[in-house]
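Data first, discussion second: the structure below is written as structure tokens.
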Amino acid sequence: MQTVGELMTRSSLVTITETQNLAMAEDLLRLHRIRHLPVVRGGKLVGLVTHRDLLKAAAKGGGADPAKQPLWASDVMVRDVRTVTADTSTREAVKMMLDNKFGCLPVVGADGTLIGILTEADMVRFAQHLIEDMDRRSLAAEYEA
Numbered sequence: 018m019q020t021v022g023e024l025m026t027r028s029s030l031v032t033i034t035e036t037q038n039l040a041m042a043e044d045l046l047r048l049h050r051i052r053h054l055p056v057v058r059g060g061k062l063v064g065l066v067t068h069r070d071l072l073k074a075a076a077k078g079g080g081a082d083p084a085k086q087p088l089w090a091s092d093v094m095v096r097d098v099r100t101v102t103a104d105t106s107t108r109e110a111v112k113m114m115l116d117n118k119f120g121c122l123p124v125v126g127a128d129g130t131l132i133g134i135l136t137e138a139d140m141v142r143f144a145q146h147l148i149e150d151m152d153r154r155s156l157a158a159e160y161e162a
């Protein structure tokens, strides 16, 4: 059984704190070409800021650039974030993402410490691996026939 821990983004995990402003959040999203920023306090997940949250903040601010508004991550972050653990099955995580239209699932340890994030990009990479594996098997079967 494939687990979240085998697919999640771990090494390049980018986070912010509640007290960082939206300019920093926007810069991090753009710089790392990501759409989700876990918000942490003492290493523990307390929220999530997404690219969509920044767009909503801009809309509420009369179209002003959210990075130029005096807003903090804590002002726009989603606080009740669904999470998974590293040993959650990939099947369960995919179902949760599809059923709830989540773009990501933060991965936490037993103590709530953020240890990774499972994103749609991680799932596409996994699908690519499966497709390549199927192609190899199909090619091998053709040669055996």
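Residue numbering for the sequence shown follows the working numbering, starting at 18 and increasing by one per position.
Ideal Cβ positions, reconstructed from N, Cα and C, are used throughout, including at glycine.
Can you tell me the Cα-Cα spacing of residue i and residue j, whole angstroms?
i, j, result
"L48", "M25", "20 angstroms"
"K118", "E161", "42 angstroms"
"V56", "A90", "8 angstroms"
"K77", "L156", "55 angstroms"
"A144", "M113", "17 angstroms"
"Q37", "D139", "26 angstroms"
"T100", "I148", "27 angstroms"
"R153", "R58", "45 angstroms"
"L122", "E137", "9 angstroms"
"G126", "S29", "17 angstroms"
Can you check which of these residues, the options, is closest to residue i by C-alpha distance?
i, options, result
"L88", "T100, K73 and D97", "K73"
"V95", "D104, A127 and T34", "T34"
"P23", "Q37, H146 and S155", "Contrary to the premise, residue 23 reads as Glu rather than Pro in this sequence. Closest by alpha carbon: H146."
"A75", "S155, L39 and M113", "L39"
"V141", "R58, G120 and T100", "G120"
Might you give, ordered along the chain, the residues of its own chain that have their beta carbon closer than 7 angstroms to the beta carbon of residue i, omitting 5 neighbours on each side?
i, result
"V31", "L45, H49, I51 and L54"
"H68", "L46 and R52"
"D150", "none"
Using a threshold of 7 angstroms, state whether the C-beta atoms of residue i and residue j are closer than that.
i, j, result
"V66", "A42", "yes"
"R27", "G129", "no"
"V21", "V124", "yes"
"Q19", "T107", "yes"
"D116", "V93", "no"
"A110", "L135", "yes"
Near residue i, which residues of its chain fall below 6 angstroms by C-beta distance, leaving aside the five closest residues on each side in sequence?
i, result
"G60", "T130"
Report all residues from its chain with a CB closer than 8 angstroms to the CB of residue i; omit the five preceding and five following residues, and keep chain order.
i, result
"D104", "T20, V21 and G22"
Item checked: Those runs of the alpha helix (DSSP H) which lie wholly inside the region 18 to 82 and span at least 4 residues -> 21 to 24, 39 to 49 and 68 to 77
Note to self: Quick check on the DSSP output: what are the complete beta strand (DSSP E) runs of length 3 or more inside the region 112 to 149, in order along the chain?
What the structure shows: 121 to 125 and 131 to 136
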